[in-house]
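Engineer: Supplied in structure tokens, the structure appears directly below.
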Amino acid sequence: MNRDTSSNSTPTQPNDGSTDGSTLSVWAAEVSMPKTKPLLIDVETDVCIVGAGLGGITTAYLLQKEGKKVCVLEALDIGGGQTGRTTAQFSTALDDRYIDLEKYHGKQGAKIAAESHQEALNVVEKIIREEKIECGFKRLPGYLFRSPDTEADILEQELEAAHRAGLSSLHLTEVKGPKAFMKGKALCFPDQIQLQPLKYLKALAELILQRGGQIYTGTKVVSASGGKNAEVKTQNGFSVSCKSIVVATNSPMNDIFSIHTKQAPYRSYVVALKVPKGSVEEAFYWDTTDPYHYVRLEGDDLLVVGGEDHKTGQNETPEECFEKLEAWTRSQFPAAQDVVYRWSGQVMEPYDGMAYLGHNPLDKNNVYIITGDSGNGMTHCTIGGVLITDQIMGRDNPWEKLYHPSRVSPRATAEYLKENANVAVQYADWGKPHHSFADIQSLPADEGIIVRDGMKLLAVSKTASGEIEKLSAVCTHLGGIVHWNSVEKTWDCPCHGSRFDRTGKVVEGPAFIDLPSAD
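Structure representation (structure tokens):
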């Protein structure tokens, strides 16, 4: 990988199917994850977990502590998906504010949301202390600032809603001083958690392996069938027989339709800039812009700033998202220096603000999913691990109803209709004008275009060395037309967020079948 961190270049990595894109996060640059082999035999276990990100690995760790035999299957590397692309803010400050959660789920629902996210923080701290994990763990405050384009009393409204939800320690404060990244009145969320996500994930994965658990990487799952003889089948022909299945793949590959109408895929962008050592107070910083900005420090001299979200596959110039983030950061903190890392990640947004955790809709009772992170993936993945462990162990859990994947939220109907109308519009790509074969000659290196070949649409890309790759442009999930992502060098579907590398290999579900070659 290229680790030139001059002001004109940020690190990249080969888009070789081991991760889900070509940009490199600071977390991935700092950590070498455990290397395991693909599944090359049939296996029998108690619980098969699909996905080796934080959701899958946390679930495997907790179930193993309960005495269950666990087997984890991962198409990429451990942490090769979204866990390595987060900014790792373990927080009770939720993407959908408590004001909105009350509207969607009532006061009791908002209270359970607050309680479960607070417990997720406690679970993470308990694991880190018990297992003596070195991952940069810190408790620190988070500050929510009002943006000029939002209601004048938005912070007061959120404070009252958070207090009703049981977060009694929240308070309004005045953030000031030379080390404040943002200044002015803010809503303070005390005792949030910051850590290095891949160091934490690596430690959990190593503990699972040391204690007899199995983790197979480079192993793509093609079906997950529950019931008495539950079985997970892989692309290479081998399978895992088990008593329970947990699909923790950011977007579940075992649902063709049902869950994907209830959540929408978004890309979010991150820049990391050098700052003078000790010049910024260690804290989380958020604003109320839509999409909002989120900020933290890594070490004492790297400012990590995220935002500029947009629907997956629906932005023709994603590089501009990095430029806007950098400009916003410098407007807030002029002492910021060079950009040394840039990366992007994928967020699944449920239409009512809460993740989908637990029994998979329209499936056997022993098939579970973890999805719909809603920008709070660290806590939602932890909640999912705790909740599903309780379900598999036969214990009641008071959070089950709020996070149930089959739930219906009538008060969020407008958001549901808006997102699904957006999906329907994307299928118009079939009839739009596209490039011709003549345009391939002038295609720049590391770029891609859609080419019309009669009634067929082809996804055509050129490598840095000039090699041309031609694929079907039709997403193998539900037939959307993929778009080239010039930041990650991937083909992204604008309908439900499936993503494929330059050779057509799936790197992000819900699709699990590769794009076929058109050569």
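According to my numbering, the residues represented by the sequence shown are 1108 to 1626, in order.
Each residue gets a CB set at the ideal place from its N, CA and C atoms; glycine is no exception.
1) For a test of the three-state rule: what should DSSP assign to Ala-1312, helix, strand or coil?
2) Would you grab the beta carbon distance between Val-1322 and Val-1339 for me? Rounded to a whole angstrom, and I think it's under 8 angstroms.
3) Can you check whether the CB of Ser-1276 is closer than 9 angstroms to the CB of Leu-1228?
4) Please check the pair Pro-1359 and Ile-1476, which I expect to be a contact at CB under 8 angstroms, by giving their CB distance rounded to whole angstroms.
5) Output yes or no for whether 9 angstroms exceeds the beta carbon distance between Thr-1193 and Gln-1370.
6) Would you mind sorting Asp-1480 into buried or exposed? The rule is 16 or more other CB atoms within 10 Å of its CB.
7) Just checking my contact of Ser-1348 with Glu-1151 at CB under 8 angstroms: how many whole Å lie between their CB atoms?
8) Under 9 angstroms between the Cβ atoms of Val-1138 and Gly-1163?
9) How many angstroms separate the CA atom of Gly-1191 from the CA atom of Ser-1132?
10) Drop a sphere of 10 angstroms on the beta-carbon of Phe-1619, count the other beta-carbons inside from all chains shown, and report buried for 16 or more, exposed for fewer.
11) Measure the CB-CB distance between Pro-1372 and Thr-1424 and report whether it falls below 9 angstroms.
12) Curious, which full-length beta strand (DSSP E) runs of at least 3 residues does the segment 1310–1374 contain?
13) Among the residues of its own chain, which have a CB less than 7 angstroms from the CB of Ala-1443, if the five just before and after it don't count?
14) Quick check: the Cα distance between Arg-1403 and Pro-1551, rounded to an integer number of angstroms?
15) Considering only DSSP beta bridges, list what Asn-1592 is partnered with.
16) Would the beta-carbon of Ile-1363 fall within 9 angstroms of that of Pro-1617?
17) Terminal residues of the continuous alpha helix (DSSP H) containing Trp-1506?
18) Can you name the residues that DSSP bridges to Trp-1393?
19) In the DSSP assignment, find the beta strand (DSSP E) that holds Asp-1560 and state where it starts and stops.
20) Buried or exposed, going by whether 16 or more other CB atoms sit within 10 Å of the CB of Arg-1204?
21) Can you check whether the CB of Thr-1324 is closer than 9 angstroms to the CB of Gly-1638?
22) Per DSSP, which one or two residues make a beta bridge with Cys-1155?
23) May I ask which residues mark the beginning and end of the alpha helix (DSSP H) holding Gln-1299?
24) By alpha-carbon positions, which one of Asp-1256, Val-1328, Ser-1365, Thr-1496 ends up nearest to Asp-1153?
25) Closest to Ser-1332 by CA distance: which of Asp-1470, Gln-1317, Ile-1240 is it?
26) With DSSP as the reference, label Thr-1112 as helix, strand or coil.
27) Helix, strand or coil for Ser-1275 per DSSP?
28) To which residues does DSSP link Arg-1606 through a beta bridge?
29) From Arg-1110 to Val-1378, what distance separates their C-alpha atoms?
30) What are the start and end residues of the beta strand (DSSP E) that includes His-1417?
31) Could you check what DSSP says for Met-1461 in three-state terms: helix, strand or coil?
32) Report the three-state DSSP secondary structure of Gly-1162 (helix, strand or coil).
33) If you follow the beta strand (DSSP E) that Ser-1579 is in, where does it begin and where does it stop?
34) Hey, how far is the Cα of Lys-1176 from the Cα of Gly-1320?
35) Using CA atoms only, rank isn't needed, just tell me which of Val-1581, Asp-1608, Gln-1215 is closest to Gly-1273.
36) Given Glu-1241, which residues of its chain have a CB within under 8 angstroms of its CB, disregarding the five upstream and five downstream residues?
Structural biologist: Reading off the structure:
1) It is helical.
2) It is worth fixing the name first, because residue 1322 is Ile in this sequence and not Val. In fact, because the Cβ distance is near 14 angstroms, the residues do not count as touching under 8 angstroms.
3) no
4) 5 angstroms
5) no
6) buried
7) 5 angstroms
8) no
9) 7 angstroms
10) buried
11) It is not a contact, given that the beta carbons lie outside the stated cut-off.
12) Counting whole runs of 3 or more residues, the segment 1310–1374 contains the beta strand (DSSP E) stretches 1321–1323, 1328–1332, 1337–1341, 1346–1349, 1351–1357.
13) Cβ-Cβ distances below 7 angstroms link Ala-1443 to Leu-1380, Val-1382, Leu-1410, Thr-1436, Arg-1437 in the same chain, with the five nearest sequence neighbours on each side left out; the list follows chain order.
14) 36 angstroms
15) Thr-1597
16) yes
17) Going by DSSP, Trp-1506 is part of no alpha helix (DSSP H) at all; its letter is neither H nor E.
18) Leu-1251, Tyr-1401
19) Run containing Asp-1560: 1554–1560, per the beta strand (DSSP E) assignment.
20) buried
21) Residue 1638 is absent from the model: the chain starts at 1108 and stops at 1626.
22) Cys-1178, Ile-1352
23) First-last for Gln-1299: 1291–1301, but that is the beta strand (DSSP E), not the alpha helix (DSSP H).
24) Thr-1496
25) Asp-1470
26) Reliability of the predicted coordinates at Thr-1112 is poor, the pLDDT of 38 falling under 50, and no value is obtained from them.
27) coil
28) Beta-bridge partners of Arg-1606 (DSSP): Asp-1599, Glu-1615.
29) Bear in mind that a pLDDT of 37 at Arg-1110, under 50, signals an unreliable position, so the number given afterwards is only what the model happens to contain. The straight-line gap from Cα to Cα measures roughly 15 angstroms.
30) 1409–1418
31) If DSSP states are grouped into helix, strand and coil, Met-1461 belongs with coil.
32) helix
33) Unbroken beta strand (DSSP E) run through Ser-1579: 1575–1579.
34) 6 angstroms
35) Measuring from the Cα of Gly-1273, the nearest candidate turns out to be Gln-1215.
36) Lys-1306, Ala-1310
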